Amino acid sequence: MERIKLFIPLIIFVVLAAMLYWGLGRDPNAMPSALISRPVPVFQLPALGGLNAGNTSAADNNATVADPGEVLDESIFLGQVSLLNVWATWCVSCRVEHPYLLDIAETGVRIIGLNYKDEVAAAQQWLAKYGDPYEQTIVDAKGALGLDLGVFGAPETYLVDHLGVIRYKHIGVVDDRVWRTSLQPRYQLLRDALPEADK
Amino acid sequence: MVAELGHFALILAFCLAFAQALIPLAGTLTNKPLWIGTARPLSCGQFVFVAISFGCLVTAFVQDDFSLAYVANNSNSLLPYYYKVSAVWGAHEGSLLLWALILAGWTLAVAMFSRSLPADMVARVLSVMGMIAVGFYLFMLFTSNPFERLLPFPPMDGKDLNPLLQDIGLIIHPPMLYMGYVGFSVAFSFAIAALLAGRMDSAWARWTRPWTNAAWSFLTVGIFLGSWWAYYELGWGGWWFWDPVENASLMPWLAGTALIHSLAVSEKRGLFRSWTLLLAILAFSLSLLGTFLVRSGVLTSVHAFATDPTRGVFILAFLGVVIGGSLLLFALRSSTLGATASFSWLSREAGILLNNVLLVVTLAMVLLGTLYPLVADVLGWGKISVGPPYFNFFFVPLGLLLVLAMGVGASLQWKRQGTNRLRSLVKAPLLLSPALAVLWLLLAGWSLKIAALLGLTAALWLTLITLQDVWKKSQHSHSRRVGLGRLNKSYWGMVIAHLGIAVLAIGITLTSNYSDQRDVRLVIGEHIEVAGYGFLFHSVEQVRGPNYIAQQGRFDVFVVGAEGGDGANLAIKPFTHLAPEKRRYLATGNMMTEADIDGGLFRDLYVALGEPLGDGAWSVRVYVKPYIRWIWLGAMMIALGGVIAAFDKRYRKTRVDVKQPSVSQQSEASPILAVAKKES
Chain A
94 MERIKLFIPL
104 IIFVVLAAML
114 YWGLGRDPNA
124 MPSALISRPV
134 PVFQLPALGG
144 LNAGNTSAAD
154 NNATVADPGE
164 VLDESIFLGQ
174 VSLLNVWATW
184 CVSCRVEHPY
194 LLDIAETGVR
204 IIGLNYKDEV
214 AAAQQWLAKY
224 GDPYEQTIVD
234 AKGALGLDLG
244 VFGAPETYLV
254 DHLGVIRYKH
264 IGVVDDRVWR
274 TSLQPRYQLL
284 RDALPEADK
Chain B
12 MVAELGHFAL
22 ILAFCLAFAQ
32 ALIPLAGTLT
42 NKPLWIGTAR
52 PLSCGQFVFV
62 AISFGCLVTA
72 FVQDDFSLAY
82 VANNSNSLLP
92 YYYKVSAVWG
102 AHEGSLLLWA
112 LILAGWTLAV
122 AMFSRSLPAD
132 MVARVLSVMG
142 MIAVGFYLFM
152 LFTSNPFERL
162 LPFPPMDGKD
172 LNPLLQDIGL
182 IIHPPMLYMG
192 YVGFSVAFSF
202 AIAALLAGRM
212 DSAWARWTRP
222 WTNAAWSFLT
232 VGIFLGSWWA
242 YYELGWGGWW
252 FWDPVENASL
262 MPWLAGTALI
272 HSLAVSEKRG
282 LFRSWTLLLA
292 ILAFSLSLLG
302 TFLVRSGVLT
312 SVHAFATDPT
322 RGVFILAFLG
332 VVIGGSLLLF
342 ALRSSTLGAT
352 ASFSWLSREA
362 GILLNNVLLV
372 VTLAMVLLGT
382 LYPLVADVLG
392 WGKISVGPPY
402 FNFFFVPLGL
412 LLVLAMGVGA
422 SLQWKRQGTN
432 RLRSLVKAPL
442 LLSPALAVLW
452 LLLAGWSLKI
462 AALLGLTAAL
472 WLTLITLQDV
482 WKKSQHSHSR
492 RVGLGRLNKS
502 YWGMVIAHLG
512 IAVLAIGITL
522 TSNYSDQRDV
532 RLVIGEHIEV
542 AGYGFLFHSV
552 EQVRGPNYIA
562 QQGRFDVFVV
572 GAEGGDGANL
582 AIKPFTHLAP
592 EKRRYLATGN
602 MMTEADIDGG
612 LFRDLYVALG
622 EPLGDGAWSV
632 RVYVKPYIRW
642 IWLGAMMIAL
652 GGVIAAFDKR
662 YRKTRVDVKQ
672 PSVSQQSEAS
682 PILAVAKKES
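The structure is reproduced here in structure tokens:
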């Protein structure tokens with residue numbers, strides 16, 4: 094028994110190494126969410142006001158940085174197909190996907206940000222520094238909406254249809270491959286199904 | 012030409028390392044003194060050639076040889092010469108070369124300062140270090156050669172060094188960190204040598220201790236410089252972000268801290284032997300893991316492996332051989348190192364055991380948090396970041412416990428401590444520390460927060476009990492001065508390091524509880540008041556640096572309330588100016604925020620320039636951070652303590668003591684240090 098105990102560190106290491114080996118070059122799979130085909134949970138949270146350097150030109154932005162801004166609720170998803178992107182400044186992977194989000198936002202994709210368990214000031218600084226791909230950013234400082242959504246960790250991206258129903262969930266970084274293979278086809282399908290007037 | 016020379020020297024260094032890994036070890040197995048004797052000359056040779064190779068790469072950078080892919084990607088002709096030199100370790104390939112150079116340096120140091128050790132021990136230690144070096148040279152030569160050419164069409168100019176790295180902190184931070192990481196290879200090699208020889212006694216622990224202390228002090232300085240750099244360069248105003256790169260350096264530090272303490276028990280009492288060996292293996296394994304995780308970019312962008320699978324496979328294979336191999340050896344051989352002593356649950360041994368348990372639990376939680384995103388990725392849960400909330404949740408209570416336990420533990424006696432004496436030991440500090448904590452906050456004029464009181468009480472408790480211990484131990488019949496003079500350097504090292512922890516804890520507590528931070532939109536001519544200081548936005552000018560153009564803001568800082576001023580009265584004379592910059596680097600077009608800080612022992616004033624908002628308005632970030640310098644002051648004291656302890660006379664004296672034909676004979680004479688040689 095005494096001797097077997099000495100093997101414990103080795104066993105732990107072997108398990109870890111096996112995992113790392115398995116992970117080499119492997120692609121992450123999207124994980125299904127319990128909320129797929131269900132509406133976005135009800136919420137009432139503040140919007141991240143202030144420095145929307147990406148969307149509004151600097152000159153007509155008279156709001157001070159500390160401006161609490163308006164209150165958002167689940168109705169912002171109605172009428173348009175949107176992506177809901179969960180991010181935070183403490184999340185390194187979010188930093189990785191950020192430039193790509195800016196790219197797809199430029200092509201006209203509507204992205205709503207969910208700033209998850211973060212400091213407002215840091216988040217504003219981040220958007221000012223790296224650009225703002227989000228049409229609106231919901232401030233979820235306590236992670237309440239995150240909890241309702243079943244957020245696993247940042248980043249996560251939800252595809253929400255024009256009725257506010259979650260249709261798909263991607264966990265992890267959105268990059269060119271993820272976008273082209275899993276998100277964009279579904280996004281396009283939903284867009285095509287929209288009534289003409291809403292397009 | 013220089014590059015080819017460097018490449019060739021690297022290959023020669025690899026060949027010598029290969030010989031160093033094999034011949035001396037084979038000599039100890041077959042008992043050939045001549046083979047054993049090759050360990051030292053081979054180490055010297057290896058160092059000379061890797062130094063030549065490193066010198067060649069530095070030359071290539073200084074001469075702007077953009078035909079080298081590595082130089083072209085990480086330098087630029089406009090870069091000042093000192094950044095050209097530091098750019099050598101600005102990315103993957105060069106860092107590995109620096110790593111190899113430092114490893115060869117430590118190997119050389121062991122070869123030179125081990126005259127007193129038995130020849131077979133030195134041979135084993137140097138062989139193991141040679142094996143590690145072989146792995147690094149192979150990795151470099153096959154997957155990450157810094158001397159690769161971009162021929163026949165070299166670029167006209169380089170892509171420039173990442174602006175974040177163009178900073179004095181980054182010139183010395185990586186070498187310091189690597190000195191620490193690689194320094195643990197010495198303790199590791201000693202541990203493997205002990206396992207190979209089936210022999211580990213108090214002399215072994217005595218040899219290992221100064222090396223471990225030295226490495227640990229370097230690592231402490233490295234981490235402290237990294238934190239300092241993040242504070243003033245990143246423009247985010249924090250000093251620790253729980254970012255994977257930081258965690259990668261914190262983990263070996265935690266293991267190293269546990270090792271230093273466990274080594275003390277192994278030396279003084281012959282206990283915790285297997286545990287000490289395991290910690291020595293762990294500290295270096297985590298250093299390797301840290302270097303690779305950071306350098307390969309596996310953690311920050313999980314794509315690095317996928318884009319270059321050969322690198323990933325090589326890294327993993329190397330980790331597997333080094334860590335897996337040493338843990339296997341540990342499992343097979345460490346039971347032969349019996350221990351024969353007991354201690355009561357109220358003794359210094361028990362205190363150190365508690366310290367080790369707390370440190371290892373902390374380590375496990377940092378490791379889990381750091382690797383969780385990776386594991387999640389492997390299991391197909393996607394790419395996830397674990398944020399500061401997780402780390403703070405565990406780290407704060409564990410750290411608090413550690414600080415509380417540290418004071419008592421260090422004052423306890425070996426073997427057994429009487430409960431009466433313990434009571435007299437803790438009485439005064441126990442009563443005084445909460446009272447002083449309250450007084451401190453009241454005098455500073457801050458609100459009494461529970462978290463601040465707890466942290467401050469713990470830190471004061473540690474300070475008082477440590478000083479009380481010095482007072483008691485320095486009692487002497489003649490005079491206090493004689494008594495203080497008799498305390499050895501080991502003891503002073505411990506005292507200074509522990510007081511450093513207290514200073515660090517005070518800094519962390521007060522900064523995180525009483526910092527004031529504002530993000531505002533300011534028009535030139537406007538001012539803002541934060542925590543009693545006024546910041547007047549004076550002007551913005553364009554200035555030109557060697558390889559960048561900057562918008563430089565100017566802020567006049569004054570004390571609100573001085574000379575009857577309430578902020579409206581701006582005629583008050585400012586006591587300092589701050590000039591934060593927004594830089595655009597010419598080669599890459601990268602924007603960088605350069606904060607300006609007015610530092611002080613009791614508070615830092617920090618201004619960072621954000622984005623221009625038009626009409627002369629800027630977004631500005633202003634911080635007032637009390638006591639933040641104490642964090643780095645404490646870290647420096649901790650490192651200093653490690654250095655002082657490493658210079659204890661005891662370690663030098665051993666050179667004379669140990670000059671006997673066999674160490675095992677000497678140790679068998681002492682019952683506590685008896686080595687159970689029951690080779691099965």
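Going down the list, the sequences are from chains A and B.
Just so it is clear: in the first sequence, position 26 is 119 by this note's numbering, and no numbers are missing.
Just so it is clear: in the second sequence, position 221 is 232 by this note's numbering, and no numbers are missing.
Glycine included, C-beta positions come from ideal geometry on N, C-alpha and C.
Model, not experiment: these values are computed from the prediction.
query: Stretch-stretch touch, CB-based, cutoff 8 Å, three pairs: the region 202-210 of chain B with the region 143-158 of chain B; result: no
query: L651(B) and I507(B) closer than 7 Å at C-beta; result: yes
query: Span separating the alpha-carbon of A32(B) from that of S138(B); result: 4 Å
query: Reduced DSSP secondary structure (H/G/I, E/B, other) of R632(B); result: strand
query: Residue closest to H549(B), alpha-carbon to alpha-carbon, out of G511(B), F405(B), W100(B), I539(B); result: I539(B)
query: Anticipated Cβ contact below 8 Å, D254(A) with L283(A), distance rounded; result: 5 Å
query: Buried or exposed (CB count within 10 angstroms, at least 16 for buried), E163(A); result: exposed
query: C-beta neighbour in chain A for D615(B), strict 7 Å; result: no
query: Neighbourhood of V493(B) by C-beta distance below 7 Å, restricted to the same chain and skipping five residues each side; result: H487
query: Nearest neighbour of Y193(A), chosen from V266(A), V179(A), A237(A) [CA to CA]; result: V266(A)
query: Cβ-Cβ distance between T287(B) and L274(B) below 7 Å; result: yes
query: DSSP state of W215(B) mapped onto helix, strand, coil; result: helix
query: Helix, strand or coil at H103(B) according to DSSP, with G and I counted as helix; result: helix
query: Inter-residue Cα distance where the pair is I512(B) and I649(B); result: 7 Å
query: Close beta carbons around A102(B), own chain, < 6 Å, minus the five adjacent residues each side; result: N85
query: Sequence-distant residues of the same chain with beta carbon closer than 8 Å to I560(B), five excluded per side; result: Q553, V554, R594, R595, L597
query: Reduced DSSP secondary structure (H/G/I, E/B, other) of I205(A); result: strand
query: 8 Å Cβ cut-off: residues of chain B touching Q277(A); result: In chain order: nothing, as chain B lies at least about 18 Å away.
query: Other residues of its chain near G564(B): CB distance less than 6 Å, five sequence neighbours each side excluded; result: V551, P591, L620
query: 7 Å Cβ cutoff met for A342(B) and L99(A); result: yes
query: Cβ contact check for the region 125-143 of chain B and the region 44-61 of chain B: 3 or more pairs under 8 Å; result: yes
query: Pick from S213(B), P263(B), A122(B) that is closest to G191(B), judged by C-alpha positions; result: P263(B)
query: Sufficient close CB pairs (3 or more, under 8 Å) joining the region 230-245 of chain B to the region 356-375 of chain B; result: no
query: For S523(B), three-class secondary structure by DSSP; result: helix
query: Sequence-distant residues of the same chain with beta carbon closer than 6 Å to E249(A), five excluded per side; result: V179, I264
query: Outcome for F316(B) when other beta-carbon atoms lying within 10 angstroms are tallied against a minimum of 16; result: Residue placement at F316(B) is flagged as unreliable, the pLDDT there being 44, under the threshold of 50; a coordinate-derived value is accordingly withheld.
query: Closer than 7 Å at the beta carbon, the chain B residues around R96(A); result: S346
query: Pick from G410(B), Q562(B), Y617(B), K484(B) that is closest to Y502(B), judged by C-alpha positions; result: K484(B)
query: Stretch-stretch touch, CB-based, cutoff 8 Å, three pairs: the region 516-531 of chain B with the region 630-646 of chain B; result: yes
query: CB contact below 7 Å: P91(B) versus chain D; result: Annotation note: the requested chain D is absent from the structure, which comprises protein chains A and B.
query: Assigned secondary structure, Q479(B) (DSSP; H/G/I helix, E/B strand, else coil); result: helix
query: Three-state secondary structure assigned by DSSP to S355(B); result: coil
query: F164(B) classed as buried or exposed, judged by whether at least 16 other C-beta atoms fall within 10 angstroms; result: exposed
query: 6 Å Cβ shell around N122(A) - same chain, five flanking residues per side excluded; result: Legend: pLDDT at N122(A) = 38, less than 50; position of this residue unreliable, value from coordinates given subsequently. Here the set comprises nothing.
query: The region 630-659 of chain B: positions lying closer than 8 Å to chain A by Cβ; result: S630, R632
query: Pairwise C-alpha distance: D212(B) and Q676(B); result: Any reading at Q676(B) is ruled out, since the residue's pLDDT is 37, under 50, leaving its predicted position unreliable.
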